[in-house]
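When the letters of the first sequence are read in order and numbered with this note's numbering, they come out as residues 2 to 668. Just so you know, even glycine gets a beta-carbon here, dropped at the ideal spot from N, CA and C.
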Amino acid sequence: METPVLGFEARCPHNLFTTNSRPSSLPASTVSVRSLTTTTTTTTTVAKSPETVVVTQHPRTKPHSKSFLTRKSAISEIEQSPNFLSSLHRLARVLKVQDLNVILRDFGISGRWHDLIQLFDWMQQHGKVSDSSYSSCIKFVGAKSVSKALEIYQSIPDESTKTNVYICNSILSCLVKNGKLDSCIKLFDQMKRDGLKPDVVTYNTLLAGFIKVKNGFSKAMELVGELPHNGIKMDGVMYGTVLAICASNGRCEEAESFIQQMKDEGHSPNLYHYSSLLNSYSWKGDYKKADELMTEMKSVGLVPNKVMMTTLLKVYIKGGLFERSRELLSELESAGYAENEMPYCMLMDGLSKTGKLEEAMTIFDDMKVKGVKSDGYANSIMIAALCRSKRFEEAKQLARDSETTYEKCDLVMLNTMLCAYCRAGDMESVMRMMKKMDEQAVSPDYNTFHILIKYFIKEKLHLLAYQTLLDMHSKGHRLEEELCSSLIYHLSKIRSHSEAFSVYNMLRYSKRTICKELHEKILHTLIHGKLLKEAYVVVKDNAKVISQPTLKRFGKAFMVEGNINLVNDVLKVLHGSGHKIDQVQFEIAISRYISQPDKKELLLQLLQWMPGQGYVVDSSTRNHILKQSHLFGRQLIAEILSKHHIVSRTMVKSRSEPKFSRGQRSK
DNA sequence: TTAGGGTTAG
Numbered sequence: 002m003e004t005p006v007l008g009f010e011a012r013c014p015h016n017l018f019t020t021n022s023r024p025s026s027l028p029a030s031t032v033s034v035r036s037l038t039t040t041t042t043t044t045t046t047v048a049k050s051p052e053t054v055v056v057t058q059h060p061r062t063k064p065h066s067k068s069f070l071t072r073k074s075a076i077s078e079i080e081q082s083p084n085f086l087s088s089l090h091r092l093a094r095v096l097k098v099q100d101l102n103v104i105l106r107d108f109g110i111s112g113r114w115h116d117l118i119q120l121f122d123w124m125q126q127h128g129k130v131s132d133s134s135y136s137s138c139i140k141f142v143g144a145k146s147v148s149k150a151l152e153i154y155q156s157i158p159d160e161s162t163k164t165n166v167y168i169c170n171s172i173l174s175c176l177v178k179n180g181k182l183d184s185c186i187k188l189f190d191q192m193k194r195d196g197l198k199p200d201v202v203t204y205n206t207l208l209a210g211f212i213k214v215k216n217g218f219s220k221a222m223e224l225v226g227e228l229p230h231n232g233i234k235m236d237g238v239m240y241g242t243v244l245a246i247c248a249s250n251g252r253c254e255e256a257e258s259f260i261q262q263m264k265d266e267g268h269s270p271n272l273y274h275y276s277s278l279l280n281s282y283s284w285k286g287d288y289k290k291a292d293e294l295m296t297e298m299k300s301v302g303l304v305p306n307k308v309m310m311t312t313l314l315k316v317y318i319k320g321g322l323f324e325r326s327r328e329l330l331s332e333l334e335s336a337g338y339a340e341n342e343m344p345y346c347m348l349m350d351g352l353s354k355t356g357k358l359e360e361a362m363t364i365f366d367d368m369k370v371k372g373v374k375s376d377g378y379a380n381s382i383m384i385a386a387l388c389r390s391k392r393f394e395e396a397k398q399l400a401r402d403s404e405t406t407y408e409k410c411d412l413v414m415l416n417t418m419l420c421a422y423c424r425a426g427d428m429e430s431v432m433r434m435m436k437k438m439d440e441q442a443v444s445p446d447y448n449t450f451h452i453l454i455k456y457f458i459k460e461k462l463h464l465l466a467y468q469t470l471l472d473m474h475s476k477g478h479r480l481e482e483e484l485c486s487s488l489i490y491h492l493s494k495i496r497s498h499s500e501a502f503s504v505y506n507m508l509r510y511s512k513r514t515i516c517k518e519l520h521e522k523i524l525h526t527l528i529h530g531k532l533l534k535e536a537y538v539v540v541k542d543n544a545k546v547i548s549q550p551t552l553k554r555f556g557k558a559f560m561v562e563g564n565i566n567l568v569n570d571v572l573k574v575l576h577g578s579g580h581k582i583d584q585v586q587f588e589i590a591i592s593r594y595i596s597q598p599d600k601k602e603l604l605l606q607l608l609q610w611m612p613g614q615g616y617v618v619d620s621s622t623r624n625h626i627l628k629q630s631h632l633f634g635r636q637l638i639a640e641i642l643s644k645h646h647i648v649s650r651t652m653v654k655s656r657s658e659p660k661f662s663r664g665q666r667s668k
C-alpha cells in the first residue's frame with residue numbers, strides 16, 4: 002500500500018513536503034508543490050517536464066497512501082497551530098525526521114525564530130535530528146544570532162556529523178554573512194583537520210567573505226589556488242564571486258582573465274559576470290574597454306540593465322568623460338533608470354572632485370526640478386563639495402536644510418554635516434549634531450573623531466581635543482600623526498606637558514614608525530615641563546634620531562634636576578648613543594653627588610667609568626672632589642683621580658699629534 | 001536531504 006509513495010519519494014530528488022524550494026533548474030510552473038501534493042489527477046495535467054514523466058511512469062494504484070496524507074496534514078496542522086508544541090506532542094508519533102525538518106524550515110522562512118528554536122530543542126531531546134536538521138537550523142538561526150548558531154554546531158555530539166559538508170557550509174556561511182571572516186577561516190582549517198572534505202560550495206562560501214574586504218584579493222587567490230589540489234572545478238557561481246572580488250579590488254586584468262577562463266571552460270558569462278568586469282574598469286575609468294565590453298555583451302544577446310548602465314556611467318565619470326556622462330544620464334532618464342538620485346550623485350561627485358563645482362550644482366538643481374527622489378545623498382555630496390571649495394557658509398546652510406528635510410541620516414551624512422558646521426565655526430550646531438548621534442545611537446567613526454579634534458584645536462579647546470583623542474584611541478581607531486603632532490604642539494604651549502606626552506605615547510605604541518622630529522618635539526616639551534624621567538625614556542628609545550643640541554639640553558636638565566639615582570644611567574645612555582658629554586654636565590653631576598654623601602657609590606662608579614670612555618674631570622671639579630675626599634675614602638679617590646690624570650695627558654698628546662707632526666714641528 | 005555567489009553613489 003505504501004510502496005508507490007515510497008517509490009515516488011525515492012525517485013523524486015526533492016523533498017515532498019518542501020513548500021519553498023524547487024529544483025533550481027526547473028521553471029516554477031512545471032513541478033509545483035500543489036501538483037505533487039494533491040491528487041494524481043493533477044499530476045497528469047502538468048506532465049510536461051522530465052520530472053513529471055517520472056511520476057507518470059510509475060502510476061500509483063491509489064492517489065496517496067494514508068500514512069502520506071496523515072503526515073502531510075500533521076505538518077500543516079503543526080505549522081498553523083497557535084500553540085505548535087501541543088500539536089506536536091499529539092502528532093509526534095506519525096512524523097518522521099524529514100517531516101520535522103519541513104516544519105523547521107517553514108518556521109525559518111516565516112521568521113518564527115522562537116518556534117524554530119523550540120522545535121529544534123524538542124527534536125534534539127527526542128533524538129529526531131538528521132544532518133539536514135542541523136544544516137537548516139544553523140542557516141536560519143545564524144541569520145539572527147551567530148553565537149546561537151555556533152552553539153548548535155558545537156552541540157553536535159557526533160564528530161563525523163561535525164564535518165558533514167552541508168553542516169560545515171551552513172555554519173561557515175553564517176560566519177561570513179556576519180562579517181566574521183577570521184573566525185570563519187579558523188573554523189574551516191579546524192574542520193579540514195578534523196576530516197572535512199570541502200567542496201565547491203565550501204570554497205565559494207569562504208570566497209564570498211573576501212568581496213568587500215580590504216586586501217581580500219590576495220587571500221582569495223590563495224583559496225582559489227587550493228582548488229585543483231582538492232579536485233574542485235570552478236562553476237558559474239564561483240566565477241561570479243571571484244569576479245566581484247577582482248572588481249572590488251580594481252583588478253581588471255585578473256577579471257579579464259577569469260572571464261576568458263570561464264568562457265574556455267564552457268560557461269557563458271551572464272549580466273552579473275559582465276557587470277563585475279565593467280566595474281573593474283571603473284577604477285581607472287577605462288572607458289575604451291568598457292565600450293568594447295558593452296558591445297560584446299550586446300552581441301551575445303544580453304541586454305544591459307539599470308545597474309549595468311549606472312556602472313557604465315561610473316566608468317565615464319572616472320574617466321573624466323563628462324559630456325558623455327551627461328548624455329548617458331539622459332539615456333538613463335529616458336529608460337526610466339534615473340528615478341532615484343544615484344546616477345546624479347555619481348556625476349555631481351565626479352564633477353566637484355575635478356573642480357567643476359558649478360557644473361555639479363547645475364546637476365543638483367536639475368535633479369530638484371525634475372523631482373528626483375532623494376534620501377539625502379545628493380545633499381551630502383554637495384555639502385562635501387562646498388566644503389572642498391571652502392564655501393563654508395553655503396555648506397552650513399545646506400546642512401541645515403538637510404537636517405530639516407531628512408529625518409534619517411547615516412554616519413557619512415552626519416559626518417559631512419558635522420564637518421560643514423565645524424568649518425563654518427557653528428559651535429551650537431556641532432553640539433547639536435553630537436547630541437543627535439548620541440540619541441540615534443550612531444557610534445562615531447574615525448572621520449567623526451578626526452573632524453571634531455581638528456575643530457576643537459582650531460577653537461583652542463585643547464583639553465577637549467585631548468579628551469576626544471583619548472576617546473578615539475580607546476575605541477581602537479588609528480591615530481594620524483599630523484593631527485597628534487599638532488595637538489602635542491598645542492598642549493605643550495598651554496603647559497599640559499603630561500597630556501602631550503600621553504598623546505605621543507598613544508601614537509608611538511600604535512604605529513610602527515613615527516616621524517623623528519616628533520621625538521625631538523616631545524623631548525623639548527618634557528624638558529620644559531620638567532618631566533625628566535619621561536624625557537629619559539624618550540631619549541633611551543630614540544637617542545640616535547635626536548639632534549646633538551637637544552641631547553645636550555636634556556643632559557644638562559637631567560643633571561640639574563633629574564632623579565639622582567638615574568644620573569649615571571642617563572650619562573651612559575647619552576654616551577652610548579654617540580653623544581659627546583659636555584664637561585659642564587659632569588661638573589653638575591659630581592657636585593650633586595658631593596652634596597649628597599649617601600650617594601657615594603654612585604659618585605665612585607661615575608668617576609671609575611669616565612676615563613674608560615675618554616672623559617676626565619676638569620681641574621676645578623678635581624679640586625672640589627679632593628676637598629671632600631674624606632667623605633668618600635681618600636685613598637680610593639686619589640687612585641681614581643690619578644687615572645683621570647694619566648688619561649688626560651694621553652688625550653692632550655694625541656689631540657696635538659695630528660696637528661703638529663714631528664716634521665712640521667722641526668721646521 | 002541539508003549548504004554557496006554576483007553589478008551602481010557620498
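Separation of residue j from residue i, as counted between CA atoms
{"i": "G237", "j": "V201", "result": "11 angstroms"}
{"i": "T296", "j": "D402", "result": "43 angstroms"}
{"i": "T651", "j": "R509", "result": "44 angstroms"}
{"i": "G251", "j": "A291", "result": "14 angstroms"}
{"i": "L584", "j": "L637", "result": "The sequence shown places Gln at residue 584, rather than the Leu named in the question. Computed Cα separation, rounded: 22 angstroms."}
{"i": "F108", "j": "H474", "result": "44 angstroms"}
{"i": "F121", "j": "S133", "result": "12 angstroms"}
{"i": "L348", "j": "G302", "result": "29 angstroms"}
{"i": "S596", "j": "K628", "result": "12 angstroms"}
{"i": "Y273", "j": "T242", "result": "10 angstroms"}
{"i": "R513", "j": "C485", "result": "15 angstroms"}
{"i": "K322", "j": "M362", "result": "For the record, residue 322 in the displayed sequence is Leu; it is not Lys. Roughly 18 angstroms between the two C-alpha positions."}
{"i": "L278", "j": "K234", "result": "21 angstroms"}
{"i": "T71", "j": "V142", "result": "29 angstroms"}
{"i": "P344", "j": "H230", "result": "44 angstroms"}
{"i": "K289", "j": "L333", "result": "20 angstroms"}
{"i": "I495", "j": "C423", "result": "23 angstroms"}
{"i": "A75", "j": "G210", "result": "40 angstroms"}
{"i": "S174", "j": "S300", "result": "36 angstroms"}
Chain-order list of residues whose beta-carbon lies under 8 angstroms from that of residue i (same chain, five-residue window excluded)
{"i": "P659", "result": "For P659, the predicted model reports a pLDDT of 49, less than 50, meaning its position is unreliable and no value from the coordinates is stated."}
{"i": "I153", "result": "F121, Y135, C138, I139 and V142"}
Cut-off 7 angstroms between Cβ atoms - residues of its own chain near residue i, not counting five sequence neighbours on either side
{"i": "I547", "result": "H520, E521, L524 and V540"}
{"i": "K553", "result": "D583"}
{"i": "C516", "result": "E482"}
{"i": "M197", "result": "Residue identity check: residue 197 is Leu in the sequence provided, not Met. Closer than 7 angstroms at Cβ, skipping near neighbours: T164, V166 and C169."}
{"i": "I565", "result": "R593, Q597 and K600"}
{"i": "N205", "result": "V238, M239 and T242"}
{"i": "G217", "result": "F211, I246 and N250"}
Nonlocal neighbours in the same chain, by C-beta distance under 6 angstroms from residue i, ignoring five residues either side
{"i": "K178", "result": "none"}
{"i": "S375", "result": "E342"}
{"i": "L607", "result": "N569"}
{"i": "S662", "result": "A caution first: S662 carries a pLDDT of 35, below 50, which makes its placement in the model unreliable, though a value can still be read off. Nothing meets the Cβ criterion."}
{"i": "G556", "result": "L575 and Q586"}
{"i": "D309", "result": "A small correction: the amino acid at residue 309 is Met; Asp does not occupy that position in the sequence shown. Counting only Cβ-Cβ distances below 6 angstroms, and skipping sequence neighbours, we find S276."}
Nearest residue (CA-CA) to residue i, options the options
{"i": "S425", "options": "I452, C410 and P445", "result": "For the record, residue 425 in the displayed sequence is Ala; it is not Ser. The shortest Cα separation from A425 among I452, C410 and P445 belongs to I452."}
{"i": "L176", "options": "K145, I157, S133 and K163", "result": "K145"}
{"i": "F69", "options": "N170, V147, E408 and D100", "result": "D100"}
{"i": "L492", "options": "R479, W123 and G530", "result": "G530"}
{"i": "C169", "options": "Q191, F211, E588 and D350", "result": "Q191"}
{"i": "T551", "options": "C420, A421, S578 and N566", "result": "S578"}
{"i": "I641", "options": "S503, W123, D265 and V617", "result": "V617"}
{"i": "L399", "options": "Q119, K409, C138 and S381", "result": "S381"}
{"i": "Y282", "options": "A245, N306, S269 and L462", "result": "A245"}
Q. Contact between the stretch 216 to 224 and the stretch 260 to 273: three or more CB pairs below 8 angstroms?
A. no
**Q.** Length at least 4, wholly inside the stretch 502 to 541: the alpha helix (DSSP H) runs in chain order
**A.** 517 to 529
Q: Indicate whether the contact test is met: 3 or more Cβ pairs, each with one atom in the stretch 527 to 537 and one in the stretch 497 to 504, closer than 8 angstroms.
A: yes
Q.
What ranges does the alpha helix (DSSP H) occupy inside the stretch 289 to 341, keeping only unbroken runs of at least 4 residues that lie completely in it?
A. 307 to 319 and 323 to 335
Q: Tell me the start and end of each unbroken alpha helix (DSSP H) in the stretch 565 to 601 that is at least 4 residues and wholly inside, in chain order.
A: 568 to 577 and 584 to 596
Q: Just list the alpha helix (DSSP H) runs in the stretch 410 to 476, keeping only unbroken ones of 4 residues or longer that don't cross its boundaries, in chain order.
A: Listed in chain order, they are 412 to 424, 428 to 440, 447 to 459 and 463 to 475.
**Q.** Length-filtered (4 minimum) alpha helix (DSSP H) runs lying within the stretch 208 to 289
**A.** If only uninterrupted alpha helix (DSSP H) runs of at least 4 residues are considered, those enclosed by the stretch 208 to 289 are 217 to 227, 237 to 249, 253 to 265 and 272 to 283.
Q) Residue ranges of each alpha helix (DSSP H) run of no fewer than 4 residues wholly in the stretch 343 to 416, ordered along the chain? A) 343 to 354, 358 to 370, 378 to 389 and 393 to 406
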